[in-house]
Amino acid sequence: MISRNIYSENLTIDVYAQGHWKSSAMKQIKVLFLAAEAEPFVKIGGLGDVAGSLPRALYVLGDVDIRLVIPFHSAIQRQAYSLRPLVTFNISHNEGPIRAETFATDLNGLQVYLISGDPIQNDGTVYSSDAGVDGKKFTFFSLAVLELIRAINWLPDVLHANDWHTAPAIYALSLHNDPLYSKTATLVGIHNLPYLGEGAGSALQAFGLPPTEESTLPQWAQDLPLALGILSADHIVTVSPSYAREILTPDFGSGLENFLKTRTEKISGILNGIDTETWNPATDSTLVRNYSLENISARQVNKQALLDEFGLHPDPEIPLLGLVSRLEPQKGVDLIPNALRAIADQPWQAIFLGTGNPDLEDTVSQLETEFPSRIRVAIRYDEVLSHHIYASADALIIPSRYEPCGLTQMIAMRYGCVPIAHATGGLRDTIMDYEQSQKSTGFLFGDATSHDLSGTILRALRVFADQDDWLGLQLRGMSRDFSWRRSAVKYRKLYRTITSAREESKTR
Ligand code: ADP
Numbered sequence: 049m050i051s052r053n054i055y056s057e058n059l060t061i062d063v064y065a066q067g068h069w070k071s072s073a074m075k076q077i078k079v080l081f082l083a084a085e086a087e088p089f090v091k092i093g094g095l096g097d098v099a100g101s102l103p104r105a106l107y108v109l110g111d112v113d114i115r116l117v118i119p120f121h122s123a124i125q126r127q128a129y130s131l132r133p134l135v136t137f138n139i140s141h142n143e144g145p146i147r148a149e150t151f152a153t154d155l156n157g158l159q160v161y162l163i164s165g166d167p168i169q170n171d172g173t174v175y176s177s178d179a180g181v182d183g184k185k186f187t188f189f190s191l192a193v194l195e196l197i198r199a200i201n202w203l204p205d206v207l208h209a210n211d212w213h214t215a216p217a218i219y220a221l222s223l224h225n226d227p228l229y230s231k232t233a234t235l236v237g238i239h240n241l242p243y244l245g246e247g248a249g250s251a252l253q254a255f256g257l258p259p260t261e262e263s264t265l266p267q268w269a270q271d272l273p274l275a276l277g278i279l280s281a282d283h284i285v286t287v288s289p290s291y292a293r294e295i296l297t298p299d300f301g302s303g304l305e306n307f308l309k310t311r312t313e314k315i316s317g318i319l320n321g322i323d324t325e326t327w328n329p330a331t332d333s334t335l336v337r338n339y340s341l342e343n344i345s346a347r348q349v350n351k352q353a354l355l356d357e358f359g360l361h362p363d364p365e366i367p368l369l370g371l372v373s374r375l376e377p378q379k380g381v382d383l384i385p386n387a388l389r390a391i392a393d394q395p396w397q398a399i400f401l402g403t404g405n406p407d408l409e410d411t412v413s414q415l416e417t418e419f420p421s422r423i424r425v426a427i428r429y430d431e432v433l434s435h436h437i438y439a440s441a442d443a444l445i446i447p448s449r450y451e452p453c454g455l456t457q458m459i460a461m462r463y464g465c466v467p468i469a470h471a472t473g474g475l476r477d478t479i480m481d482y483e484q485s486q487k488s489t490g491f492l493f494g495d496a497t498s499h500d501l502s503g504t505i506l507r508a509l510r511v512f513a514d515q516d517d518w519l520g521l522q523l524r525g526m527s528r529d530f531s532w533r534r535s536a537v538k539y540r541k542l543y544r545t546i547t548s549a550r551e552e553s554k555t556r
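Residue 49 is where the sequence shown starts when you use my numbering, and the numbers rise one by one after that.
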């Protein structure tokens, strides 16, 4: 029996008892999704979330035959999946051919391929600190994906690569101009532009992928994998519409803004979603008390418990500010100390969770010494505490300097925790500012400065004093649809657009 939940928009689908199906209105589109990491196999960062959730959400739409391919990192628990060995083949390298082994498994119906070989398995990590090691690993992987497609005779309509690690697959296709792939549309997803794959150029060359001579690309970028993927792809997608515009500016373009501007019509942005089953205050088993739109007052129980746990004075009238973040310059956490000092005469408490850059860890930790009666800081990665903060804090501070999409603001809103964020990238696209919209769900500030942050926290504190107003913000945030399904419907539309464009260009 077919296991997926068939959904159709302008589409008639016939489901057969054996699990085969066909669409009578529109052809099923075949997509191969390439990523360096994917949940539940292995997750290091946000890309792992996206690659774990988006292909699944597209799969359950029912009319996208999407398959996922990831490197078989040593960190992946081999025994946890029932793996079928597929083909083995060699990938050419200037020091001699390198053997690739491929495996397939089925994740509740979603077909997943894993590729193994010496460059992938030799160092035990997913990402190494050595650009040469990662360059070799991911170029090998990217080229092996193209061989795998040939070997299993399943030709995708769309090759959807993500970030610099898998962008070489698109560059290789454009260089080799193989008639087999003449109808395959290529899409590169940008999750974080500054990671262009610096230092991987010599690895590309060792696998027969020379730098480009295309002069629209600055010379320093002519051997960088993500730049080459952007150069060669039929289309480029970023993880929010605002970020798609921002990367065309000097502030966010990582030096590629002028090159990117030559491709403006090929760039779009689609917001990521969140896993609405994991992030659901009504069923979240880590919470002291579950709650939903219908009984949001029960949320207070979680706040009291968290304040108790951290030894802070449990007064519901005092707004609790939260932070759940990597402590990196991108996240703007260095703006917080001066912002809080500027509003030290106001009533507030704060619980901050984060880990990362040692200097920023110190900066944030020192706040606890400076404000011993009202700030607590946890320097660690702690999944359970993160849930508790989302379910307890009145507001979440998100001062990111840039944010391609961001998940914490969406999770916060789902939990009735009101975001206070810099108006950038996905933060700007997902949060409606209190002053600017009747549908407001949070507070946005214009410049990533301590001054703007403190002014905006102050605005939030004033609204908090009017509990009805605050409740409106919470309820509107909790009602927003941040599901992956929403994103998947948009990706499906994009896939259809780029495959039609590709077909047209080939028949012209
Ligand atoms: P990024 O991927 O750039 O770090 P996102 O906002 O896209 O930022 O995603 C961050 C994710 O990591 C969220 O799910 C957030 O809850 C989680 N997270 C960040 N820091 C921590 C931490 N110290 N402990 C637990 N979870 C964290």
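Yeah, the Cβ is synthetic: ideal placement off N, Cα and C, and Gly gets one too.
Computed from a predicted model, the values in this text were never measured in an experiment.
Please determine, among the options, the residue with the shortest C-alpha to C-alpha distance to residue i.
i, options, result
"residue 351", "156, 275 and 434", "434"
"residue 211", "94, 511 and 553", "94"
"residue 448", "502, 382 and 250", "382"
"residue 273", "287, 257, 288 and 283", "257"
"residue 115", "533, 86 and 128", "86"
"residue 535", "505, 478, 497 and 490", "478"
"residue 204", "386, 79, 319 and 191", "79"
"residue 126", "169, 545, 279 and 520", "169"
"residue 96", "218, 230, 320 and 139", "320"
"residue 148", "166, 160 and 177", "166"
"residue 307", "507, 208, 263 and 324", "263"
"residue 141", "484, 192, 171 and 131", "192"
"residue 249", "270, 238, 236 and 243", "270"
"residue 289", "474, 484, 533 and 486", "474"
"residue 292", "331, 267, 240 and 341", "240"
"residue 76", "243, 549 and 541", "541"
"residue 173", "120, 287 and 341", "120"
"residue 446", "369, 418 and 333", "369"
"residue 354", "423, 312 and 318", "423"
"residue 415", "395, 384 and 432", "384"
"residue 297", "450, 483 and 552", "450"
"residue 209", "184, 300, 83 and 181", "83"
"residue 462", "312, 329 and 161", "329"
"residue 400", "516, 380, 377 and 427", "427"
Excluding five sequence neighbours on each side, which residues of the same chain lie with their C-beta closer than 6 Å to the C-beta of residue i?
i, result
"residue 202", "none"
"residue 187", "216, 251, 252 and 255"
"residue 502", "387, 390 and 391"
"residue 508", "443, 468 and 491"
"residue 190", "214, 216 and 217"
"residue 259", "270 and 271"
"residue 104", "158"
"residue 429", "403"
"residue 337", "346, 349 and 350"
"residue 581", "Residue coverage of the chain in this structure runs from 49 to 556, which leaves residue 581 outside it and unanswerable."
Residue i and residue j look like a contact to me (Cβ under 8 Å); what is the Cβ gap, rounded to whole Å?
i, j, result
"residue 466", "residue 439", "Actually they do not touch by this definition, with Cβ atoms about 13 Å apart."
"residue 488", "residue 523", "Their Cβ separation, rounded to whole angstroms, is 11 Å, which puts residue 488 and residue 523 out of contact at 8 Å."
"residue 229", "residue 221", "5 Å"
"residue 302", "residue 244", "7 Å"
"residue 341", "residue 527", "7 Å"
Sort out for me which residues DSSP pairs residue i with in a bridge.
i, result
"residue 48", "This structure cannot settle anything about residue 48, because the visible part of the chain is limited to 49 through 556."
"residue 189", "Residue 189 is not bridged to any residue."
"residue 153", "160"
"residue 332", "In the DSSP output, where bridge partners are listed per residue, residue 332 has none listed."
"residue 225", "None; residue 225 has no bridge partner."
"residue 470", "493"
"residue 397", "368"
"residue 446", "469"
"residue 341", "None, per the DSSP bridge assignment."
"residue 531", "322"
"residue 77", "112"
"residue 481", "490"
"residue 373", "402"
"residue 208", "81 and 235"
"residue 17", "Outside the shown range of the chain, which is 49 to 556, sits residue 17, and nothing can be said about it."
Can you name, in chain order, every residue of its own chain whose Cβ lies under 7 Å from the Cβ of residue i, other than the five neighbours on each side?
i, result
"residue 246", "179 and 272"
"residue 199", "135 and 137"
"residue 89", "118 and 124"
"residue 500", "493 and 494"
"residue 547", "77, 205, 206 and 233"
By Cβ distance below 8 Å, which residues in the same chain neighbour residue i in space, the five residues on each side in sequence not counted?
i, result
"residue 364", "348, 351 and 352"
"residue 419", "388, 392 and 398"
"residue 497", "383"
query: Which residue spans inside the segment 79–165 form an unbroken alpha helix (DSSP H) run of at least 4?
result: Within the segment 79–165, the complete alpha helix (DSSP H) runs of at least 4 residues are 94–109.
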